[in-house]
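Beneath this line is the structure, given in structure tokens, with notes to follow.
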Amino acid sequence: MKGNRSPWWIVAGCTLALATSSGVIMAFTFSLFIEPLTNEFGWSRATVSLGFSMAALLTAATAPLLGRLLDRVGARRTLLFAVPAYALCVVLLAATPPQAAVFFLLFALAGVAGAGHSPIAYVTLVSGWFDARRGLALGLAMSGIGIGAALMPQLAGFIIERHGWRAAYVGLGATIFVVGLPAVALLLRE
464 MKGNRSPWWI VAGCTLALAT SSGVIMAFTF SLFIEPLTNE FGWSRATVSL
514 GFSMAALLTA ATAPLLGRLL DRVGARRTLL FAVPAYALCV VLLAATPPQA
564 AVFFLLFALA GVAGAGHSPI AYVTLVSGWF DARRGLALGL AMSGIGIGAA
614 LMPQLAGFII ERHGWRAAYV GLGATIFVVG LPAVALLLRE
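Per the numbering used here, the sequence shown runs over residues 464 to 653.
Okay, here's the thing in structure tokens:
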């Protein structure tokens, strides 16, 4: 244990934050948005899916840069910027106009920002706190992805059904602010 803080608080913070991570929000809720987007804009499913593909590719392309940033400034400082930036990008998806190019741009921005709120930073933090029982700590932290995969589609579906897809993106972004950001700010330390 480093300092006065139990490293298990770091695991708890990572678990909570990962429940709202970019992979959870984009990958596990995207299919719920396809029909409302195609209905509203008249785009094909392929066009809508291209937005998700762009976000995924840009997250992957940005990941090595994120790794360098983590090495230079640390995981916590990076996350304190990346989590609200990603939340804002998710909220901005609610403002999608009927132009596919803008839709692609918004998803591209979410992909770049989402790299910072991916498991990479959280694994770095947990690994820095644990020598013994590192596997257990990482397993518990990564369980946040499964928790988010179970809960975020339910949340998005509930909001879409009652208030529409735009409100669902606002709700998901707000969830990142309300759950993910406080977990990083209050529980995570280098």
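Built from N, CA and C at the ideal position, the CB exists for glycine as well.
Measure the alpha-carbon distance for residue i versus residue j and round it to whole angstroms.
i, j, result
"Ala524", "Gly627", "32 Å"
"Ile610", "Thr483", "9 Å"
"Ala573", "Val546", "11 Å"
"Met464", "Leu479", "Note on Met464: pLDDT 42, under 50, position unreliable in the model; the coordinate value appears next. Roughly 21 Å between the two C-alpha positions."
"Thr501", "Ala619", "17 Å"
"Arg508", "His580", "27 Å"
"Ser485", "Leu588", "17 Å"
"Leu542", "Val647", "7 Å"
"Ala538", "Ile473", "12 Å"
"Thr638", "Ala595", "33 Å"
"Gln617", "Ala550", "18 Å"
"Ser512", "Ile497", "7 Å"
"Ala613", "Arg468", "30 Å"
"Glu653", "Thr522", "24 Å"
"Ala493", "Ala548", "What sits at residue 493 in the sequence shown is Phe, not Ala. Cα to Cα, the separation comes out at about 19 Å."
May I ask you to report which of helix, strand or coil DSSP gives residue i?
i, result
"His626", "helix"
"Pro470", "helix"
"Pro560", "coil"
"Ala482", "coil"
"Ser507", "coil"
"Ser606", "helix"
"Ser512", "helix"
"His580", "coil"
Suppose the cutoff is 7 Å on Cβ atoms and the five residues either side in sequence are ignored; what does the same chain contact list for residue i look like?
i, result
"Val641", "none"
"Phe504", "Pro561"
"Phe593", "Pro470, Ala600"
Return the chain-ordered list of same chain residues with a C-beta closer than 6 Å to the C-beta of residue i, the five sequence neighbours on each side being excluded.
i, result
"Arg629", "Ala557"
"Pro645", "none"
"Leu567", "Sequence check: residue 567 is Phe here, not Leu. Closer than 6 Å at the Cβ level, and outside the excluded window around Phe567, lie Gly514, Met517."
"Gly636", "Ala550, Val553, Val554"
In terms of residues, what are the limits of the alpha helix (DSSP H) holding residue i?
i, result
"Arg596", "Per DSSP, Arg596 belongs to no alpha helix (DSSP H) and is neither H nor E."
"Glu503", "485–504"
"Val554", "538–555"
"Leu650", "644–650"
Between which residues of its own chain and residue i is the CB-CB distance below 8 Å, once the five residues before and five after are set aside?
i, result
"Ile583", "Ala526, Leu529, Gly530, Leu533"
"Leu569", "Gly514, Cys552, Leu555, Leu556, Ala558, Thr559"
"Leu649", "Gly476"
"Gly643", "Leu479, Ala480, Ala482, Thr483, Ser484, Val546, Ala550, His580"
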